[in-house]
Structures are given as C-alpha cells and as structure tokens.
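Anchor point for the sequence shown: position 56 equals 56 in our numbering, and the numbering is continuous, going up by one each time.
We treat Cβ as the ideally placed atom computed from N, Cα and C, and that holds for glycine.
I have placed the structure first, in the form of structure tokens, so that the comments after it can refer back to it.
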Amino acid sequence: MRLIVALVLLIIVGIWVTVARNGSPIVATKSYNSQAFKHEFVIIEAHHLLEFNLVDPEQAPDEIRDSVMRGYRLMTNTAFYAPDYAHSELSCTNCHFLAGDTLGGKNRGIALVGVTTLYPQYSKRSGKVISLAERINNCFRRSMNGNALPMDSPIMTDILHYLQWVSKEVETIQQIPWLGLPEIKNSHVPDPQEGKEIYEQCCAACHRSDGQGGGVLDEVEGKTIPPLWGNHSFNDGAGMNTMAMLGPFIYLNMPYQQARLTEEQALDVSAYVLQQQRPHFERKH
C-alpha cells in the first residue's frame, strides 16, 4: 500500500526516485552480501530525503538476522546482555527510543536511523577522528558508566550489524535531518529551584522523587524507567550531563510519550537534574 501511495506521489510532484546508487532496483536474494545494505525505496529531490521505509530488525537477511536481533536486544536491555560492560541501570533505548529505529522529533527519542553515515568523523571530545565503534564505546564508558567493548567482540559486531541494518535505506544520504538533537535557542536562564517543582509535578511519578526510576514499560521490551542521578545513572562524562543535550531531550520527549513542557520548563528541569550527584567519569589514556 505504501509503495502505491509513493508511486502516486511521484506522478503528482514529478520527482525522481532513487532506488539504488546506479538508479536500478535492487533484486532481493536469499544469500546476504553488501548489496543488502542498499536502498530499496527512497524518494529524493535535489538530495533532500522526502520519504522512505523504516526497516524491521526481524526482516534482516538470513545471514545476519541473528546478529541484528542480538544487537536489537542489546539496545533494549543493555546491562542484561552486556553486564561486563554496562554498569549503570540504563539501556541504549532509554535515550534512543525503540532502539533508535525512529526519525526522532517529538516523543521519538534520539534517532539512530542513518547514524552510519556520520562516521568516521572528528570528535571534539576525543580530539581525533573516531569510528562508529569508538563512538559506541564512548556511550558504554559514559552513559553506561562501564567499560569499552573489545573492537572485535561479538557484542560490538552485533550492535554494528543492527545499526547498519536500520540505516540501510538512507546509507548514501547526506545531512540526514533527524540525527542529533536541535539546539534550544532561548535566552531563559535555567532555574534549578523552579526545575525541582516541575520535576515533582511532571517527572517524579515515573522517575521517583529520588531520581532512581524503576519499573518496566510493557510496550517496549526491556525498557526500564532509568535513574536520572545517583550511583546507577550515567556518569558526569556523558553527553546527557550537559545542558546542550539534556535540555532538548527533555523538551522533545518528556513526560514520556506526552511531551508537553515549554522550552523554559525543560531547561529548568535540566538544571535541577544536572545539580544532582552521579558517578565520576574516569578518563583512560
């Protein structure tokens, strides 16, 4: 049905359809190879992405499906499947909703569809060009308050296979608009005391007054309500320990699935959360 609608769209607006790098459709085969990571149906006009299909991890080719599914489970219940490397009580999906298989925006977390197009890239924090695997390890060391994965480990391979699979439809698109979090351009001076009151009204029902979270959201496998501070939360080296990331994330996504805070309220809540105690990031050289 989506294919029919898209074809009608092509006729109406007169745009070009790019289905592969050479303009030819990809023919599905039973054996997996690099061609499986090509566009199946993507609409582009002057390099601007207009529409495409999100992919289901279970639809990955036979040769990598088990790995992709393990990667998906690692994203949704990280500490359970990688206890030696993830020491916080967070999972990747606490920030990357639905394991990142979204287009971001309101109530959809930080998208990972297309993240493979960003790397290698220069990291100001690391002071060098880093690979996607190195970026994943930054999350394990900072957001998970844990240890880096061995680069050739099965866990790293599974996560990379998962991200490659969910990104396959947009792997050649430049400047994907939904990646990352938008800056809040607001002159409001964050007030942590006001943020505490808003937190009690809008956040404590799930994350609790002591910030420790808990429980399970049944609609997403393994997604717990994460602790926002304390010994089991992300450490002070994580991106979420900055106003630039936490503010937009709260504004776009909280309360969960009912985002309704103003920019000013989101900044105030962020200021309150950032005042709380959390583990210290130990830099390793």
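query	result
Three or more C-beta pairs closer than 8 Å, one from the segment 164-183 and one from the segment 111-119: is that the case here?	yes
Could you check if MET151 is buried or exposed, using at least 16 other CB atoms within 10 Å of its CB as the buried criterion?	exposed
Keeping to the same chain, check which residues put their C-beta closer than 6 Å to that of PRO192; ignore five residues upstream and five downstream.	ALA271, TYR272 and GLN275
Whole angstroms are fine: how far does the CA of GLY195 sit from the CA of TYR81?	35 Å
Would you decide whether TYR122 is buried or exposed? Buried here means 16 or more other CB atoms lie within 10 Å of its CB.	exposed
Can you give me the start and stop residues for the beta strand (DSSP E) that SER123 sits inside?	121-123
With a threshold of 16 other CB atoms inside 10 Å of the CB of GLN201, please say whether the residue is buried or exposed.	exposed
Could you compute how far the alpha carbon of GLN277 sits from the alpha carbon of ASN231?	8 Å
Only counting runs of 4 or more residues, tell me where the alpha helix (DSSP H) segments fall wholly within the segment 126-162, in order along the chain.	132-142
Which value, in whole angstroms, describes the spacing of the CA atoms of ASN145 and ILE136?	13 Å
Decide if the segment 124-132 is in contact with the segment 65-81; the criterion is three or more beta carbon pairs, one per stretch, under 8 Å apart.	no
Report buried or exposed for ASP158, applying the criterion of at least 16 other Cβ atoms within 10 angstroms of its Cβ.	buried
So, at 7 Å on beta carbons, what are the nonlocal neighbours of ALA148 in its own chain, with the 5 sequence-adjacent residues on each side left out?	ASN137, PHE140 and ARG141
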